[in-house]
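The block underneath contains the structure these notes are about, expressed in structure tokens.
In this note's numbering, the protein residues as written are 158 to 739.
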């Protein structure tokens, strides 16, 4: 076990260093190309003596541009060309899209006409929010299980049974990561490499559930079987979805943006079909494993069906109508199993998975869509607002709006899940499948238990855009309020800014002669720039957690909010029991 502990520690440290390294490499590449637009903008943002307002607006503009790219889809270079990449492939690699810009990348405002503006509450934004809402319960349950050994009822339904063996949990996570990478490489590779990666993925699926019990005999076999097979198959659906969208995208910029977003609908279709089929198949005396396999087949069939409908919707420019109809269909498909198959013999785990993979994302997505749209709208006002007081007022509205949506989300979740419980009990189930009253009582008894992590993460997701805005404020403060670092970076970049093919872009500071940056200067500057960004990302999140923890511990806010939710649950339960006669 000592060896495994060392391996686990090394892998965690490697993941942290890899993230830092990716950002570091990005800055190093910019510093190596002084003729690029990114280099010029970076130098201008570091000009000595720049006021906070200018740095804030510059950082805010970059942040809003990133949001537009994420929610409106990855644009093509122009109306007729296919996207290019650093490796000369028509289909950019997965990690290149995530962490780096493809070679020749152009922003949306460089592609579209002057009249085009990204919409804060667009269909593409809702499509992305549906994916994010689907990831909330799954990712938080998985990481909660990895960190605390208990992922609650949702994790148990997916095979993530409580266990104190951290090495066993981390072994499952590594296996899932290997299968995900192998699936993506299979989609991307050509010739023999394609089949090699397929073999790696199949081998991981086959051997992980067998080696896991051998290495960790104290842990239930289901941990490795369901955690690895289900999680890896689900991840493979996202890989398939992304590859399908990239391969079928139209050459036009507008269609490509929609196609990129439409990949989300494919992946969500997989998850929903799996959950519904699994719940129906295991509701009675059917074998659990058989229902699992049938669910896989139905999931892939639904994925291809949604892909075909989506292609027709894009061709008819009815992407928003398609998403609305798809959401309604998802909701009906999620509720019908409770109405049609619930009985005394129904598997509670099957319905817990159905709730986690269908109903929770459907409830969460509209609120995330509203929260992100509100943040984007207010931040765009801040970008054009000359008054610092009004910018602060807009930021406070953003915070208040996020908190209001959080409360509304909690009430909506309780209302819908309590309705599902009443339907199931009226059909003969002995125990409520969602168990809202049971969950709230457990949270009241042990609010900091790890098994509640996925609930908190899903609920407080509406605050994420506001927290990111806090990162923009901190990033600007670091740039302005740490003169030695800013002065060093501005002086270093100024040495190379005048060497752009004879083009005078901006005079170097103090009238110095432009000189090429040596390797040491580029490494030092890249390190400081990366550190600035890491601090701006980490500190607001840590501060939010600490402030929230402090408020909950030192004030009655948490208790009052929980009491309010319990009272609302009791009101819903009483009203619905009268309605359904149970």
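Here a beta-carbon is modelled for each residue, glycine too, at the ideal position from N, C-alpha and C.
Counting along the chain, residue 726 sits inside the alpha helix (DSSP H) bounded by residues 714 to 737.
For residue 566, the closest C-alpha among the options 306, 619, 286, 188 is that of 619.
Taking 8 Å as the cut-off, the beta carbon of residue 650 is found no closer than this to the beta carbon of residue 676.
Comparing alpha-carbon positions, the option among 522, 540, 735 lying closest to residue 220 turns out to be 540. Considering only 305, 178, 334, the residue with the shortest C-alpha distance to residue 321 is 305. Under the three-state reduction of DSSP output, residue 544 falls in the coil class, being neither helix nor strand. The closest CA to that of residue 604, considering only 623, 719, 684, is found on 719. For the pair residue 555 and residue 590, the Cα-to-Cα distance works out to about 36 Å. Residue range 593 to 602 is occupied by the alpha helix (DSSP H) that includes residue 600. Within the same chain, 610, 611, 614, 615 come within 7 Å of residue 297 by CB-CB distance, once the 5 residues on both sides are set aside. In this structure, residue 277 keeps its C-beta atom at 8 Å or more from the C-beta atom of residue 608. Taking a cut-off of 8 Å on C-beta distances, the stretch 695 to 705 touches the stretch 621 to 630, as three or more cross pairs fall below it. Annotation: the continuous alpha helix (DSSP H) that includes residue 611 extends over 610 to 616. In the structure shown, the three-state DSSP call for residue 525 is helix. With respect to residue 581, residue 488 sits apart: the two C-beta atoms are not nearer than 8 Å. In the structure shown, residue 570 falls within a helical segment according to DSSP collapsed to helix, strand and coil. In the structure shown, residue 494 falls within a helical segment according to DSSP collapsed to helix, strand and coil. Residue 518 sits in a helix when the DSSP states are folded into three classes. If you draw a 10 Å sphere on the C-beta of residue 703, you find fewer than 16 other C-beta atoms in it, and that means exposed. Counting C-beta pairs with one atom in each stretch, the stretch 519 to 529 and the stretch 323 to 336 have fewer than three that are closer than 8 Å, which means they do not touch.
DSSP places residue 218 in the helix class (H, G or I) of the three-state scheme. Taking a C-beta distance under 8 Å as the contact criterion, residue 600 and residue 516 do not qualify as a contact pair. DSSP, read as helix, strand or coil, puts residue 324 in helix. Leaving aside the five residues that flank residue 537 on each side, the residues in its chain whose CB is nearer than 7 Å to its CB run, in chain order, 221. In the structure shown, residue 351 adopts helical secondary structure according to DSSP, grouped into three states. Of 176, 199, 561, the smallest CA-CA separation from residue 187 is found for 199. About 22 Å separates the Cβ atoms of residue 621 and residue 574, ruling out a contact at the 8 Å cut-off. Burial check for residue 724: the Cβ neighbour count within 10 Å stays below 16, so the residue is exposed. Going by C-alpha positions, residue 280 is about 12 Å away from residue 484. At the C-beta level, residue 734 and residue 547 stay beyond 8 Å of one another.
If you check the CB distance, residue 652 and residue 189 do not come in under 8 Å.
Note on geometry: alpha-carbon atoms of residue 727 and residue 713 lie some 21 Å from one another. DSSP places residue 697 within a helical segment (H, G or I) once states are collapsed to three. Cβ atoms of residue 545 and residue 210 come within 8 Å of each other, at about 7 Å. Ranked by how close their Cα comes to the Cα of residue 482, the residues 283, 302, 632, 560 have 283 in first place. With a 10 Å radius around the Cβ and a threshold of 16 neighbouring Cβ atoms, residue 716 comes out exposed.
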